[in-house]
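In terms of this note's numbering, the sequence shown opens at residue 85 and continues consecutively.
Here a beta-carbon is modelled for each residue, glycine too, at the ideal position from N, C-alpha and C.
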Amino acid sequence: MPDLPEGLRPFSLQDRVWVITGSTSGIGLAIARAMAAAGAIVGINARTEEAVRRVAGEVPGAFALPFDVTDEQAAEAAIAAVLSRFGRVDGLVGNAGMRDRRPYRATGSADFRRVMETNLVAPFALAQIASRSMEERGSGRLIFISSIAASRPAHGGTSYPVSKAALEALVKALAGILGRAGVTVNAIAPGYIDTPFNAAMKADPAIARDVAAGVPLERWGRADEVAAAAVFLASDAASYVNGHVLAVDGGMLAGAPAAR
85 MPDLPEGLRP
95 FSLQDRVWVI
105 TGSTSGIGLA
115 IARAMAAAGA
125 IVGINARTEE
135 AVRRVAGEVP
145 GAFALPFDVT
155 DEQAAEAAIA
165 AVLSRFGRVD
175 GLVGNAGMRD
185 RRPYRATGSA
195 DFRRVMETNL
205 VAPFALAQIA
215 SRSMEERGSG
225 RLIFISSIAA
235 SRPAHGGTSY
245 PVSKAALEAL
255 VKALAGILGR
265 AGVTVNAIAP
275 GYIDTPFNAA
285 MKADPAIARD
295 VAAGVPLERW
305 GRADEVAAAA
315 VFLASDAASY
325 VNGHVLAVDG
335 GMLAGAPAAR
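Encoded structure:
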């Protein structure tokens, strides 16, 4: 990595070890690429080993870390392997998630629990596992990917927005607990981001009208714009940011564009 200008050096992640869940596509992959570009050593994660190894081979400074985030034993083993190989884990991005867009009446309690297991219980368990060594060292970063759906539940289902609202509450709770040990905990709440995960939404005329009418920037966001926020929260530039949910939404949560 070339030397950064002095004013940008607080944003460097040089030689820091980060684990990024759900990082073979979309926002997770964009975060992995951005952190690697900032000098980090990044662990690429997903359930499919073939995809993980392919992406790890494409991202400079990356290594493969395949496991299912809902499998707590597998997560324990994965973090232990990182600690054994590098001696530390500087940060974790909890990006892996799932969405069930079925209507409220079509969603059973088992479906609801499945979303909660992936979007809330797994981040809780990963935070416990990854933060142990961080607390011992007196420093570390946890970043979780939420959604503006936590504040503005619309366009499909109840389980997803509820899981993300609970995740944001978890972030604030952990910030108060882990901050005393030098570990910061924050979240990013993306708005409408153009990713393969959201392809069906982008093709929906109702969503297009919502973006045009409800996003002051009047466009979909890019995954690299979310990744830039993650690099900031991971870096020394955010050393006093803790318990914060950073919306990357083109101003959607701020309100509709002013009338012309």
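For residue i, the three-state DSSP class (helix, strand or coil)
| i | result |
| --- | --- |
| Leu149 | coil |
| Arg225 | strand |
| Gly178 | strand |
| Ala271 | strand |
| Ala130 | coil |
| Ala238 | coil |
| Val332 | strand |
| Asp320 | helix |
| Val382 | Given a span of 85 to 344 for the chain in the structure shown, any question on residue 382 remains unanswerable. |
| Gly266 | coil |
| Gly112 | helix |
| Pro207 | helix |
| Arg186 | coil |
| Ala343 | With a pLDDT of 47 at Ala343, under the threshold of 50, the modelled position of this residue cannot be trusted; read the value that follows with caution. Correct three-state label for Ala343: coil. |
| Ser96 | coil |
Under 7 Å between C-beta atoms of residue i and residue j
| i | j | result |
| --- | --- | --- |
| Gly335 | Pro300 | yes |
| Asp174 | Arg100 | yes |
| Ile232 | Gly178 | no |
| Arg137 | Ala124 | no |
| Ala209 | Glu156 | yes |
| Pro94 | Ala321 | yes |
| Ala313 | Ile277 | no |
Residue interval of the alpha helix (DSSP H) (run including residue i)
| i | result |
| --- | --- |
| Ile277 | No alpha helix (DSSP H) contains Ile277, which DSSP labels as neither H nor E. |
| Leu251 | 243-262 |
| Glu142 | 133-142 |
| Ala290 | 289-298 |
| Glu160 | 156-170 |
| Val199 | 193-200 |
| Ala284 | 283-286 |
Counterpart residues of residue i in DSSP-defined beta bridges
| i | result |
| --- | --- |
| Val325 | Beta-bridge pairing links Val325 to no other residue. |
| Val101 | Ile125 |
| Gly305 | Ile277 |
Residue i - containing beta strand (DSSP E), residue span
| i | result |
| --- | --- |
| Ile232 | Careful: Ile232 lies outside any beta strand (DSSP E) and carries neither H nor E. |
Contacts around residue i, its chain only, beta-carbon distance under 6 Å, and the 5 residues preceding and following it disregarded
| i | result |
| --- | --- |
| Ala206 | Val153, Thr154 |
| Ser107 | Leu113, Ala116, Ile128, Asn129 |
| Asp184 | Asp195, Val199, Gly241, Ser243 |
| Ala118 | Ala311, Val315 |
Cβ shell of residue i (< 8 Å), same chain only, five flanking positions each side left out
| i | result |
| --- | --- |
| Arg344 | Annotation note: pLDDT 45 at Arg344 (below 50); position unreliable, coordinate value reported separately. Counting only Cβ-Cβ distances below 8 Å, and skipping sequence neighbours, we find nothing. |
| Gly260 | Gly327 |
Cut-off 7 Å between Cβ atoms - residues of its own chain near residue i, not counting five sequence neighbours on either side
| i | result |
| --- | --- |
| Glu201 | Thr154 |
| Val126 | Trp102, Ile104, Ala116, Met119, Ala120, Val143, Gly145, Ala146 |
| Pro237 | Pro245 |
| Ala250 | Leu204 |
is_contact[residue i, chain B] using C-beta, thresh 7 Å
| i | result |
| --- | --- |
| Val332 | In summary, chain B is missing from the structure at hand, where a single protein chain is found. |
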